[in-house]
Every structure is written in C-alpha cells, then in structure tokens.
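Remarks on the structure that follows.
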Amino acid sequence: MVKLKAKTQRILKWLGLVLLIIAAIFLFFTKLIKYVAPFLLAFLIMVSIEKPVDFIQKRLKLPRSIAVAVSLLFFVALVGGILVFTFYKLINELWRLALEIARMDFNPIIEYFQSLFEKGQDLFFSLPESLATTIEQTWEMNIPKLTQLASEISSRLMNIVMGMIDFVKFLPDVLVFIIVMMVSAYFMSRDRRQISEYLSERIPDKWFNKIRNLRDDMIGAFAGFIKAQILLMGITFLELLIGYQILGVEYAFFFALITAIIDILPILGTGTVLIPTAIVHMVTGNIPRGLGFLCLYFIIFVIRQILEPRVVGQSIGLHPLVTLMSMYIGLRILGVAGMFLGPIIVILIKAFNKADLLPSWKTESKIKS
C-alpha cells in the first residue's frame, strides 16, 4: 500500500473538507431552506436588533423581555413601512403604465420609421437582392404588429398588478410564516444567554470554543455580505431614481427599481436598460436625452466598479480580489446564483479555517521585505 506524504495527506484532507462544505451548502439551499427559513430569518433578526436591545436594557434600565419587544416593534415598523410603500408605488405606477400603453397611438411611430425607410432607399436598393427582400419582408411583417405588441405588454402589466393584488390569497400562509419568524426571534433574543449556557454545558469545551468562533465569524461575514448587497442596490436605485427624474422619465420609481434589480445580475447590469434607451433616443432625434442616459450609465458603472469589491470585501473580511474571483467563478459554475454563493463558500471556508476545523496552510513568510 502506497504511503502518502504528510503534506499530500493534508492537502487531500483539506480538499475533502472543502468539497463537503460545498455539498452541504448546496443541499441546504436546494432541499432544507424551505423548512428552516423562518428560524434562519429569526436568527438574523435577533442579530440585527441586539445592539438596540442592549441600549434599551442598559440605558433605560428595562427588563430584557421588554427591550426585545420594543426593538422588534421598531424593526417591524421600519421594514414593514418600506415594504408597504414600495408595494403601493409599484402597483400605482404599473397600473398607470399599463393604461397608458393600452391607449398609445403607434401610427406616428410607424410613420416615422417609414420615413426613415424611404430616406434610406438608395442604400436599401444597393444591397444584394436576397438581403433587400428579407429586410422588406421583415419590415412589412413586424411593423403592423406594434399595436398588437403594445396590447400584449399592457395586458401582461395588468396581470402583474392583479397578481400583486391577488397576493392577498396567500396572506394566511404569509401571516403564519411571519408569526413563527417573529415569535422565534423574540425567544431567541430574550433567552439568548440561557440558550448559550444550555449548549455550552452539553458540548465539550474544545469544540464549543471552535463552534463559537465559527458562529461569530460567520455571523459577522454573512451580515456584512447582506448589508453590502443592500447598500449597493440602494445606491444604484437612488442614482437611477435621481437620474430618471432629471431626464424626465415617467414612472421613475418603477423603472429605477427594475433597473436596480437587473443591475444585480452581472451578465445584464444597468447597461441592458440604459444603453438601448440611449440609442433609441439618439436615433429618433433626441440626442441630448440619449447622451443623458449614456452619462447616467457611465456614472453608475464607474461608482459600482469602485464600490463593489471594496464594500463587499470589507464587509465580509475578504480581500477585494478574492471577493471578485469568488463572484466570477461562482457565476461561471452555478450561474447567477453562484455570484452570491461563491463569496458565501469562501466565507465558510475562511471561518472553518480560522476555527481550526480545517488544516491550516499558514506558514512563515518566505518573501523578504
């Protein structure tokens, strides 16, 4: 039997544990998340309100149970207020947009493109006959469909609005989820010390310290990652909202929110919306507004490229290069979800390594200053 070197054994052990962590993450997010979601969110809420709870308990000299209840009420009021406001604005602007598209007269647009087509006839007739025929047939087939397309878009927007309103049907399930989550968060926060003591009495000291260090690192990193993503999306949304309002875009809130959500996806980004919009405006003769959209895209692109590696990296304790690499590799392997899972996997590996649950690779530096 071949005996492996100690270094090779350490590498294989490290790789095996890393693969086990990745498999566990995949299993959790694909199979188990739906069962533990309210309790996981309750844990995150508990972590989020811990500072306000301590402040109320120490400064106002109130019992922890009351401090937790007050903090939870503020949390629900803040998050609930934001969600209700966003929901209301979306329904209002979507409904108005759907009605406007339904009433839209496409004849001026068709006439405009026909005039462009006629102006370019010299170029058109200089093309090969087969290509000219294909362009002409495509033109004749699709231009009349503009009105039908507008009707379909309007209908779908109205369906989305009605679907959002029909969300009321799921209120019983949603209320059960929210109640379980909030009650769990209350007990987790109120009895935090008792829960920690209960676990510490039943887990050996060596493993308890490792698990506690692992928990602290993971909480700090995950909370930082979520905060970073919310911060980046919020900055992009505000940039878009201000930019759209300056450029006179109607339904600015709706379009800013949709564009900000698209910006999360690295393959698409804000350019998917802003660049075609700029081109359409310049082609139709509104060059200043088209340049305005291009400037808005450039500003958002530069700010995001500067902030993303730094904000995400600092929040989760990773070097910006490692953060960027993990997001890109995750994207290439797992698609859009991998962009978020990549940093999560690196965070877990780093936390396991720091808690001495993975073999250490750290040695003395061989680079002389």
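The sequence shown begins at 240 in this note's numbering and counts up one residue at a time. Glycine included, C-beta positions come from ideal geometry on N, C-alpha and C.
message: If you reduce the DSSP assignment to three classes, tell me which class L486 lands in.
response: Here L486 sits in coil by DSSP.
message: Rounded to whole angstroms, what is the Cα-Cα separation between S287 and A306?
response: Between S287 and A306, the C-alpha separation is close to 14 Å.
query: By a C-beta neighbour count over all protein chains shown, 10 Å radius and 16 as the cutoff for buried, is Y536 buried or exposed?
result: So Y536 counts as buried.
- prompt: Per DSSP, what kind of secondary structure is P233 in: helix, strand or coil?
  reply: Because the chain spans 240 through 608 in this model, residue 233 falls outside it and cannot be assessed.
query: Out of G508, L580, F591, A517, which has the shortest C-alpha to C-alpha gap to R454?
result: Nearest to R454 by alpha-carbon distance, out of G508, L580, F591, A517, is F591.
task: Please classify G299: does DSSP put it in a helix, a strand, or coil?
output: Reading off the sequence, residue 299 comes out as Leu, not Gly. Looking at L299 - three-state DSSP - the assignment turns out to be coil, as it is neither helix nor strand.
- prompt: In this structure, does DSSP put T523 in helix, strand or coil?
  reply: Here T523 sits in coil by DSSP.
message: Output needed for G510: all residues of its chain with C-beta closer than 8 Å, excluding positions within five of it in sequence on either side, in chain order.
response: Taking C-beta separations shorter than 8 Å and ignoring five residues to either side along the sequence, the partners of G510 in its chain run Y536, F540, following chain order.
task: Report the rounded CA-to-CA distance for I514 versus I526, giving the unit in angstroms.
output: Answer to the nearest angstrom: the Cα atoms are 13 Å apart.
- prompt: Given a threshold of 16 other Cβ atoms within 10 Å of its Cβ, counted over all protein chains shown, does T269 qualify as buried or as exposed?
  reply: By the neighbour-count criterion, in which a residue is buried when 16 or more other Cβ atoms sit within 10 angstroms of its Cβ, T269 is exposed.
message: Quick check on this structure: which residue in K300, A337, L259, M420 has the alpha carbon closest to the alpha carbon of F278?
response: Considering only alpha carbons, the answer is M420.
message: Taking a contact to mean a Cβ-Cβ separation below 8 Å, would you say G531 touches I518 in this structure?
response: Cβ distance not < 8 Å, so G531 and I518 don't count as in contact.
field: Pick from V488, V422, E332 that is closest to A225, judged by C-alpha positions
entry: Residue 225 lies beyond the residue range present for the chain, which begins at 240 and ends at 608; the question has no answer from this structure.
message: For the structure I just gave you, are there three or more beta carbon pairs, one from the segment 579-591 and one from the segment 447-461, closer than 8 Å?
response: Yes, the segment 579-591 is in contact with the segment 447-461.
query: Would you report the Cα separation of L238 and A263, rounded to the nearest angstrom?
result: Given a span of 240 to 608 for the chain in the structure shown, any question on residue 238 remains unanswerable.
query: Leaving out the 5 sequence neighbours to the left and right, which residues in its chain are closer than 8 Å to F493 when beta-carbon positions are compared?
result: The beta carbon of F493 is closer than 8 Å to those of K328, L329, E332, L333, L336 in its chain, skipping five residues each way along the sequence.
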